[in-house]
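*Asks:* Got a structure here, written out as structure tokens. Questions coming.
There are 2 protein chains.
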Amino acid sequence: MQQLEELVTSLRKEGFRITPQRIAIVEYLLKTEEHPSADHIHKTIQKKYPMVSLSTVYKTLDLLKEKKLVSEIEVEGEARFDAHTDEHINLVCMNCGKIEDVDENSLKEIQNRAAKKSKYLIVKSSFEMFGYCTNCKSKFN
Amino acid sequence: MQQLEELVTSLRKEGFRITPQRIAIVEYLLKTEEHPSADHIHKTIQKKYPMVSLSTVYKTLDLLKEKKLVSEIEVEGEARFDAHTDEHINLVCMNCGKIEDVDENSLKEIQNRAAKKSKYLIVKSSFEMFGYCTNCKSKFN
DNA sequence: CATTTAATTAGGAATTATTCCTAATAAGGA
DNA sequence: TCCTTATTAGGAATAATTCCTAATTAAATG
Ligand SMILES: [Mn+2]
Ligand SMILES: [Mn+2]
Ligand SMILES: [Zn+2]
Ligand SMILES: [Zn+2]
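Here the protein sequences line up with chains Y and C, keeping their order. Note that our numbering numbers the first sequence so that position 49 is 364, with each residue one more than the last. Note that our numbering numbers the second sequence so that position 58 is 373, with each residue one more than the last.
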């Protein structure tokens, strides 16, 4: 996800209104690496902007997904959002829920092979690995 | 997932009871390739065994997951179940929901690299690609 | 700056997949 | 056949997400 300024400009150019709610959400997503849930985004930005509703968070996330500015992954029945939209692997800690990124440049190739083999038209992909992070793994062996 | 007979034997040996409900669910999962949801499993086996409740389907699926006889993937807020438990890629059609398997032997390597790079202890992984199947893709281009 | 209007928001209700609860049932051992 | 206890049915509870609508407000216009 790009810088806030360019992003605001490009949204405005497309006819979208720039509201404090949208700025707060985008600003937060730009700087965090924690792959927050909608609820977590809501709670976090409420500290600074108390007048943001959860349904606005959801609607803004829909917009950002459509503009391909964030990607969504589903973890244990909950959507988590990621401003890192390049193809990468998300490592999910099954204990604390922490998510870490790992870039992997062979994903594109695999995607091409799968498309060729299956004849599907592939649009996006989602690769998650589940396990225990460095903090948690000592408790599980 | 193995054959029904061995599976029943091994479950019984572990002290689990063999009920008609469990047999119906396992039998169905063994022969289908459609990655059904809990609800779909329920509706399907009800035709043959009308006295199976949805909560039993859920509980049986929990058991089978724990025994690693089925794996679970989440697609659009719904869990889908797969008796193919080797590492593979699931191709999900975003129009009709069909899911197809693609085996990919480089996944193990990638998993090892990710584990090494991140120091996570990796337990399982889930690789989905989303797009349009051969039936649906003509409608989307 | 004041006015206009259509996009956006807040907040609660509705929806839906899943989990939880508990009395009734039945698998399997004796 | 009887007994014990795991399992089931079925409905209630839960929780994430979507839907609905009146009120608000961004930003275009003059
Ligand atoms: Mn990520
Ligand atoms: Mn599969
Ligand atoms: Zn952790
Ligand atoms: Zn399709």
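Glycine included, every Cβ here is placed at the ideal spot set by N, Cα and C. These numbers come from a predicted model, not from an experiment.
Tell me which residues of the stretch 344-362 of chain C have at least one Cβ-Cβ distance to chain Y shorter than 7 Å, keeping chain order.
*Replies:* Per Cβ criterion, the list is empty.
*Asks:* By the 10 Å Cβ neighbour count, where 16 or more other Cβ atoms means buried, how is Y/Arg-332 classified, buried or exposed?
*Replies:* Classification for Y/Arg-332: exposed.
*Asks:* Just to confirm the assignment: which complete alpha helix (DSSP H) runs, minimum length 4, are found wholly within the stretch 398-448 of chain C?
*Replies:* If we require 4 residues or more, the alpha helix (DSSP H) runs fully inside the stretch 398-448 of chain C come out as 422-433.
*Asks:* Which whole-angstrom value is the C-beta distance of Y/Val-341 and Y/His-357, which I expect to be below 8 Å?
*Replies:* Not a contact, Cβ separation roughly 14 Å.
*Asks:* Using DSSP bridges, identify the partner residues of C/Arg-395.
*Replies:* For C/Arg-395, which the question treats as bridged, DSSP gives the partners C/Ser-352, C/Ile-388.
*Asks:* Using only alpha-carbon positions, find the residue among C/His-403, C/Gln-318, C/Ile-425, C/Arg-337 that is nearest to C/Glu-415.
*Replies:* The candidate whose alpha carbon is nearest that of C/Glu-415 is C/His-403.
*Asks:* Given a limit of 7 Å on CB to CB distance, which residues of the stretch 433-449 of chain Y reach chain C?
*Replies:* The residues in question are Ser-433, Lys-434, Tyr-435, Leu-436, Ile-437, Val-438, Lys-439, Ser-440, Ser-441, Phe-442, Glu-443, Met-444, Phe-445, Gly-446, Tyr-447, Cys-448, Thr-449.
*Asks:* Is Y/Val-367 helix, strand or coil by DSSP?
*Replies:* If DSSP states are grouped into helix, strand and coil, Y/Val-367 belongs with coil.
*Asks:* So C/Ile-388 and C/Asp-397 are supposed to be a Cβ contact under 8 Å. How far apart are they, rounded?
*Replies:* Their Cβ separation, rounded to whole angstroms, is 7 Å, which keeps C/Ile-388 and C/Asp-397 in contact under 8 Å.
*Asks:* Quick one: list the residues of chain Y neighbouring C/Lys-452, beta-carbon separation under 9 Å, in chain order.
*Replies:* Under the 9 Å cutoff, chain Y gives Lys-434, Tyr-435, Leu-436.
*Asks:* Return yes when at least one heavy atom of ligand 2 lies under 7 Å from the C-beta of C/His-355, else no.
*Replies:* Checking the Cβ of C/His-355 against ligand 2 gives no.
*Asks:* When a residue counts only if its C-beta is closer than 5 Å to some heavy atom of ligand 2, which residues count, in chain order?
*Replies:* The filter returns C/Asp-397, C/His-399, C/Asn-405, C/Asp-416, in chain order.
*Asks:* Where does Y/Arg-337 sit, in a helix, a strand or coil, going by DSSP?
*Replies:* The answer is helix: DSSP assigns Y/Arg-337 an H, G or I state.
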